[in-house]
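Asks:
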Amino acid sequence: GMRMMGMHPGAFYLSWILTYLAIYLVVCSSVIVLLSWGEILPQSSPSLLFVWLILFAAATIAFALVITTFFSKAKTAATVGSVAFYASSYLALLAHASTPTHVLRLLSLFPPVCFQLTVRVI
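The numbering of the sequence shown is our numbering, which starts it at 17 and goes up by one.
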């Protein structure tokens, strides 16, 4: 709607990015509070976990925006984007101890795969 009325594409995408970063900021903060109070990850730093979750949220937002550029209809973009996001999480099954580094780097371009690979470290 706003783009049809002449809104600059940069302002349009920036508004979506800031909106969802604000939402994820609240969600990530809540998760960190629950993880800290519940002593679920007692050996992990809460600030490191917070940065990790925020980076995952930013990567997810960027992934969604890349997917939406290929479609003109919102319903199609939402459907394909959701399927692509969840399908890309299965690519982590390709990552095991003998996987070459360049393949791991390529797979890490997908936010769910990167998240799953870093979970092993944290």
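Backbone N, C-alpha and C define an ideal beta-carbon position, used for all residues, glycine too.
How far does the alpha helix (DSSP H) with serine 39 in it reach, from first residue to last?
Replies: Position 23 of the sequence shown, counting from 1, holds the residue named residue 39. Residue identity differs from the one stated: residue 39 is isoleucine in this sequence, not serine. Counting along the chain, the alpha helix (DSSP H) containing isoleucine 39 begins and ends at 25 to 53.
Asks: Which class does serine 124 belong to by DSSP, given the choice of helix, strand or coil?
Replies: For this step, residue 124 is matched to residue 108 along the sequence shown. It is coil, neither helix nor strand.
Asks: Sorted by chain position, which residues of the same chain lie with C-beta nearer than 6 Å to isoleucine 70's C-beta, five sequence neighbours on each side aside?
Replies: Locating residue 70 in the sequence shown gives position 54, counting from the first residue. Excluding positions up to five away in sequence, the list reads Cys44.
Asks: State the DSSP-derived secondary structure class of valine 82, mapped to helix, strand or coil.
Replies: Position 66 of the sequence shown, counting from 1, holds the residue named residue 82. Here valine 82 sits in helix by DSSP.
Asks: Closest by CA to proline 128, which one among Phe87, Ala113, Ala80, Thr117?
Replies: The residue labelled residue 128 in the question sits at position 112 within the sequence shown. Of Phe87, Ala113, Ala80, Thr117, the residue nearest in Cα terms is Ala80.
Asks: I need the straight-line Cα distance from glycine 97 to leucine 110, nearest angstrom please.
Replies: Residue 97 sits at position 81 when you count from the first residue of the sequence shown. Residue 110 sits at position 94 when you count from the first residue of the sequence shown. Each residue's Cα considered, the two are about 21 Å apart.
Asks: Answer with buried or exposed for leucine 34, where buried requires no fewer than 16 other C-beta atoms within 10 angstroms of its C-beta.
Replies: Counting from 1 along the sequence shown, the entry for residue 34 is found at position 18. Per the 10 Å Cβ criterion, exposed.
Asks: Does the Cβ of isoleucine 77 have 16 or more other Cβ atoms within 10 Å, making it buried, or fewer, making it exposed?
Replies: Working through the sequence shown from its first residue, we reach residue 77 at position 61. So isoleucine 77 ends up on the buried side.
Asks: Leucine 65 and isoleucine 48: beta carbons closer than 8 Å?
Replies: On the sequence shown, position 49 is the one that residue 65 refers to. On the sequence shown, position 32 is the one that residue 48 refers to. Going by C-beta atoms, leucine 65 is nearer than 8 Å to isoleucine 48.
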